[in-house]
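Those protein sequences? They're chains F and G, same order as listed. Numbering follows this note's numbering, with no gaps: position 249 of the first sequence is 249. To get this note's numbering, take the position in the second sequence, counting from 1, and add 1000. Glycine included, each C-beta is placed from N, C-alpha and C at the ideal position.
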Amino acid sequence: MDLIYQFLHNTGFGLVDYRHLIMISVGIAFLYLGIAKHYEPLLLVPIGFGILMGNIPVFKGLGLGIYEETSVLHYLYWGVRQGIYPPLIFLGIGAMTDFSTMLARPKLMLLGAAAQLGIFITFLAALALGFAPKEAASIGIIGGADGPTAIFLSAKLAPELIGPIAIAAYSYMALVPVIQPPIMYLLTTKKERLIHMSDPRQVSKREKIIFPVLGFLLCCFVAPAALPLLGMLFLGNLLKECTVTDRLAVTARNAVIDTVTILLGITVGASTQGDVFLTAKSIGIFVLGAASFMVATAGGVLFAKFMNLFTKDKINPLIGAAGVSAVPDSARVVQLIGNREDPTNYLLMHAMAPNISGVIGSAIAAGVLWSFML
Amino acid sequence: MYGLAAINAANGWMITVAGISIVFTGLLVLSTVLENLERVLKFWDNRKDLFKAKGPAPAPRPSAAVEPTGPPAEATGPITGQVIPVASEHLEAIAAFQTLAALQGAVFELPRLLETAEKRGLARPHSNLDRCLELGVIVELGGTNRGLYQWNEEAQLVAKQPAGH
Chain F
1 MDLIYQFLHN TGFGLVDYRH LIMISVGIAF LYLGIAKHYE PLLLVPIGFG ILMGNIPVFK
61 GLGLGIYEET SVLHYLYWGV RQGIYPPLIF LGIGAMTDFS TMLARPKLML LGAAAQLGIF
121 ITFLAALALG FAPKEAASIG IIGGADGPTA IFLSAKLAPE LIGPIAIAAY SYMALVPVIQ
181 PPIMYLLTTK KERLIHMSDP RQVSKREKII FPVLGFLLCC FVAPAALPLL GMLFLGNLLK
241 ECTVTDRLAV TARNAVIDTV TILLGITVGA STQGDVFLTA KSIGIFVLGA ASFMVATAGG
301 VLFAKFMNLF TKDKINPLIG AAGVSAVPDS ARVVQLIGNR EDPTNYLLMH AMAPNISGVI
361 GSAIAAGVLW SFML
Chain G
1001 MYGLAAINAA NGWMITVAGI SIVFTGLLVL STVLENLERV LKFWDNRKDL FKAKGPAPAP
1061 RPSAAVEPTG PPAEATGPIT GQVIPVASEH LEAIAAFQTL AALQGAVFEL PRLLETAEKR
1121 GLARPHSNLD RCLELGVIVE LGGTNRGLYQ WNEEAQLVAK QPAGH
């Protein structure tokens, strides 16, 4: 009888507490959003399932939980803690991104820079709320709306916060269609939303090949700490554009990024073990993360309006919202809103320019914060 | 520590101002360089003409009467085994086609070459391929190998002088 009692006590039913149940609900919500609502399914499904895996109540000492040194999940999580997965994801992103809209109108890159305002304002807010500087920097980077960058920086500066930061970053990225539109409407007039932008020029193949080399050298000379992320991003793009490494580009944008996304999603999800994850700090991170996204969106939109004061060729300020990276979701939101105002207005290709430069900008910002915190 | 005291203690203001400035500087420098990249490449393509234009004026010809009046015979059809003048804006596209053709081997089929060019995102693949055929830089093998093509290795492409030079 004792044996049966002991067995029952060691099952999930015996070990479960309310925190596990809360996190399992969050995991199921992620799966629902990914599968039923199609919000970033490639990220939310692995993360959601990872949350379920991480919150099965297990008997400590069996080497099953992600924080136990002998567990398989712990080994897989090593790639997150050491910042290995994010650069590999950047390699894939580079190999699947066409930079031609950005090359056609480089001045739109400044919108990607303006949207990084969210990172630094949130950094200040986190400091004011009592977070340590390294934690504040890791929280601020959520405003970059770039999951791999957020994970990379928190792995370097505040490894204990990777779970909440990654979950906040990916949740808000998935919620871009909900978070951004009210801010975009609030900060623009109808007349501004109706602005049609001129077609971008044709970009030559040679420009596309030169760009990753030039971009890498310039960005990494300005912010050397962004080297792991930007190096891989530009390498991936060079593989895609140079026409002689097609096999490598195909591997990078399919096999590599898919494998790493699965591992990253599962392990980040599993790192949200209820007893470690559900703390006051996590709630603070979620609140600051939301604010960070809003400030970043506002920064991009307002800067586009500011640029319109000086430029002859007017910019539709809606595209400033795409500066928060979150490729390509925020560009899609811009297209949606612009199209709702005027069905003949196609802003997607214009929005891709700040969207992609936002990725570069957030990687530079991460590098800057990392070097300041060393 | 909380509030402004915490921000001041962590040099928050300085980090924020420096951080935003660095991000802006980085992307501003990059956008300025990219804004001028097309111009630099055009300059590079026309470097020979520019230097020629700045050099000493050519000696006057003995007589204008001996100047040929019509276009050279080779300009009217495909040219092989010699210099082919090509507008500088087309040189790059033809070079890209040459790389793709080389990847397909010595002998290739046009539909496959075109498909690869489209996949690689080359600009205006149809018209550029047509130009390659027109200029004779891609030639059909003929005979029993009709439908198969090869790159004309003897063709030497040079940038055509713009009108007025």
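Determine the contact status of Gly143 (chain F) and Gly118 (chain F), defining contact as a CB-CB distance below 7 Å. Residue numbering aside, residue 143 (chain F) sits at position 143 when the first sequence is read from its first letter. Residue numbering aside, residue 118 (chain F) sits at position 118 when the first sequence is read from its first letter. Yes, the Cβ-Cβ distance between Gly143 (chain F) and Gly118 (chain F) is below 7 Å.
Cβ-heavy atom distance, Arg206 (chain F) to the ligand MN, below 6 Å: This structure lacks the ligand MN; in fact it carries no ligand of any kind.
Using a cut-off of 9 Å between C-beta atoms, extract the partners of Val1158 (chain G) located in chain F. Translated into positions along the second sequence, residue 1158 (chain G) becomes position 158. Those do not exist, as Val1158 (chain G) stays about 18 Å from chain F at its closest Cβ, beyond 9 Å.
Which one or two residues does DSSP pair with Phe310 (chain F) in a beta bridge? Numbered from 1 along the first sequence, position 310 holds the residue referred to as residue 310 (chain F). Note: Phe310 (chain F) sits in no beta bridge, so no partner.
For chain F, check one thing: does any of its Cβ atoms lie closer than 7 Å to the Cβ of Ala1155 (chain G)? Position 155 of the second sequence holds residue 1155 (chain G). No, no contact with chain F.
Amino acids of chain G, ordered along the chain, whose beta-carbon sits closer than 7 Å to that of Met109 (chain F): Along the first sequence, read from residue 1 onward, the residue named residue 109 (chain F) stands at position 109. Going along chain G in sequence order, the residues near Met109 (chain F) (Cβ under 7 Å) are Leu1027, Leu1030 and Ser1031.
Along the alpha helix (DSSP H) that carries Gln385 (chain F), what are the first and last residues, could you check? With chain F covering 1 to 374 only, the question about residue 385 (chain F) has no answer from this structure.
Are the C-beta of Gly1019 (chain G) and some C-beta of chain F separated by less than 7 Å? The residue you call residue 1019 (chain G) lines up with position 19 of the second sequence. Cβ-Cβ to chain F under 7 Å: yes for Gly1019 (chain G).
Could you please give me the residues that DSSP links to Ile1084 (chain G) through a beta bridge? As a working mapping, residue 1084 (chain G) is identified with position 84 in the second sequence. Looking at the DSSP assignment, Ile1084 (chain G) forms a beta bridge with G:Leu1157.
Look at the Cβ atom of Ala136 (chain F), then the Cβ atom of Gly300 (chain F), and state whether they are nearer than 7 Å. Along the first sequence, read from residue 1 onward, the residue named residue 136 (chain F) stands at position 136. Along the first sequence, read from residue 1 onward, the residue named residue 300 (chain F) stands at position 300. Not a contact, by the Cβ cut-off of 7 Å.
Taking all protein chains shown into account, decide if Ile364 (chain F) is buried (16 or more other Cβ within 10 angstroms of its Cβ) or exposed. Reading the first sequence from its first residue, position 364 is the one you call residue 364 (chain F). Answer is buried; the Cβ neighbour count reaches 16.
Based on Cα-Cα distance, which residue from F:Glu160, F:Ala331 and F:Phe372 lies nearest to Thr101 (chain F)? If you number the first sequence from 1, residue 101 (chain F) lands on position 101. Thr101 (chain F) has its Cα closest to that of F:Ala331, out of F:Glu160, F:Ala331 and F:Phe372.
Can you tell me the Cα-Cα spacing of Gly1077 (chain G) and Leu1135 (chain G), whole angstroms? Taking the second sequence and counting its residues from 1, one reaches residue 1077 (chain G) at position 77. Taking the second sequence and counting its residues from 1, one reaches residue 1135 (chain G) at position 135. Caution applies to Gly1077 (chain G), whose pLDDT of 44 falls short of 50 and renders its modelled position unreliable; the value that the coordinates give is listed next. Near 7 Å, if we compare the C-alpha coordinates of Leu1135 (chain G) and Gly1077 (chain G).
Hey, Ala158 (chain F) and Gly140 (chain F) are a contact pair by Cβ (cut 8 Å); roughly how many whole angstroms apart? On the first sequence, residue 158 (chain F) is found 158 positions in, with the first residue counted as 1. On the first sequence, residue 140 (chain F) is found 140 positions in, with the first residue counted as 1. Going by Cβ atoms, the distance from Ala158 (chain F) to Gly140 (chain F) rounds to 11 Å, so no, they are not a contact pair.
Three-state secondary structure (DSSP) of Val1139 (chain G): Here residue 1139 (chain G) refers to the residue found at position 139 when the second sequence is read from its first residue. Val1139 (chain G) falls in the strand class under three-state DSSP.
Report the partner residues of Trp1151 (chain G) according to the DSSP bridge assignment. Against the second sequence, residue 1151 (chain G) aligns to sequence position 151. G:Ile1138.
Exposed or buried, what is Trp370 (chain F) when buried is set at 16 or more other beta-carbons lying within 10 Å of its beta-carbon? Taking the first residue of the first sequence as position 1, residue 370 (chain F) is located at position 370. By the neighbour-count rule (16 or more Cβ atoms within 10 Å), Trp370 (chain F) is buried.
Excluding five sequence neighbours on each side, which residues of the same chain lie with their C-beta closer than 7 Å to the C-beta of Ala291 (chain F)? Residue mapping note: residue 291 (chain F) aligns to position 291 of the first sequence, counting from 1. Taken in chain order, the residues that qualify are Thr122 and Ala125.
Measuring CB atoms only, is the region 215-232 of chain F touching the region 52-69 of chain F, in the sense that at least three cross pairs come out at less than 8 Å? no
Does DSSP classify Pro1078 (chain G) as helix, strand or coil? Along the second sequence, read from residue 1 onward, the residue named residue 1078 (chain G) stands at position 78. The pLDDT assigned to Pro1078 (chain G) is 49, lower than 50, so where the model puts this residue is not dependable, and the model offers no usable value.
Determine the DSSP secondary structure at Phe1108 (chain G), reduced to helix, strand or coil. The residue you call residue 1108 (chain G) lines up with position 108 of the second sequence. It is a strand residue.
When the Cα atoms are used, what is the spatial distance from Val244 (chain F) to Gly92 (chain F)? Counted from its first residue, the first sequence places residue 244 (chain F) at position 244. Counted from its first residue, the first sequence places residue 92 (chain F) at position 92. The alpha-carbon atoms of Val244 (chain F) and Gly92 (chain F) are separated by roughly 17 Å.
Which residues of chain F have a Cβ atom closer than 8 Å to the Cβ of Thr1099 (chain G), listed in chain order? Position 99 of the second sequence, counting from 1, holds the residue named residue 1099 (chain G). What Thr1099 (chain G) touches in chain F: Thr243 and Val244.
Could you tell me which chain F residues have their CB closer than 8 Å to the CB of Gly1003 (chain G), listed as they occur along the chain? Position 3 of the second sequence, counted from the first residue, corresponds to residue 1003 (chain G). Ordered by position in chain F, the residues that pass the 8 Å Cβ test against Gly1003 (chain G) are Ala128.
7 Å Cβ cut-off: residues of chain G touching Arg206 (chain F): Reading the first sequence from its first residue, position 206 is the one you call residue 206 (chain F). Here the neighbours are Leu1041 and Glu1092.
Please work out which residues of its chain come closer than 6 Å, Cβ to Cβ, to Thr188 (chain F), disregarding the five sequence neighbours upstream and downstream, and give them in chain order. The sequence position of residue 188 (chain F) within the first sequence is 188, counting from 1. So the list reads Pro317, once near-sequence residues are dropped.
Identify whether His196 (chain F) lies in helix, strand or coil by the three-state DSSP scheme. In the first sequence, the residue the question calls residue 196 (chain F) occupies position 196. Reduced to three states, the DSSP call for His196 (chain F) is coil.
Any beta carbon from chain G within less than 7 Å of Pro87 (chain F)'s own beta carbon? Along the first sequence, read from residue 1 onward, the residue named residue 87 (chain F) stands at position 87. Not one chain G Cβ lies under 7 Å of Pro87 (chain F).
Taking the runs of the alpha helix (DSSP H) that are 4 residues or longer, which of them lie wholly in the region 30-76 of chain F? 41-54
How many angstroms separate the CA atom of Ser171 (chain F) from the CA atom of Leu263 (chain F)? Within the first sequence, the letter at position 171 stands for residue 171 (chain F). Within the first sequence, the letter at position 263 stands for residue 263 (chain F). So the two alpha carbons sit approximately 18 Å from each other.
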